[in-house]
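Structure first, commentary second.
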Amino acid sequence: MDEILACQEHIEEALDDAVYGGFEMPVLDQLLLVDNLKQKCGYCEKDAIYVVSNKHSTTR
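Each residue of the sequence shown is one higher than the last, beginning at 485 in this note's numbering.
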């Protein structure tokens with residue numbers, strides 16, 4: 485599991501699953517409007533607005 489997509493209602497559950505699922509240091513990012521056009525929440529059918537990932541940002 486590299487990332488979890490979540491809507492506003494399920495973001496806390498996604499963060500919990502990331503921590504308990506072995507993500508070393510979960511990163512929470514908000515999806516841009518362009519990115520989430522067809523992305524659905526991993527817990528329901530609503531549009532995802534957040535992504536929880538196990539990847540660190542490459543920006544410095």
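C-beta atoms are modelled at their ideal positions from N, C-alpha and C, and glycine is treated no differently.
query, result
"What is the rounded straight-line gap between the Cα of Ser541 and the Cα of Leu516?", "A caution first: Ser541 carries a pLDDT of 49, below 50, which makes its placement in the model unreliable, though a value can still be read off. Using only the alpha carbons, I get a separation of about 15 Å."
"Identify the continuous beta strand (DSSP E) that holds Asp500 and give its terminal residues.", "From DSSP, Asp500 is part of no beta strand (DSSP E) but of the alpha helix (DSSP H) over 495-504."
"Can you name the residues that DSSP bridges to Tyr534?", "Ala490, Gln514"
"Residues in the same chain with beta-carbon distance under 7 Å from Tyr527, minus the five sequence neighbours each way, listed in chain order, please.", "Ala490, His494, Glu497"
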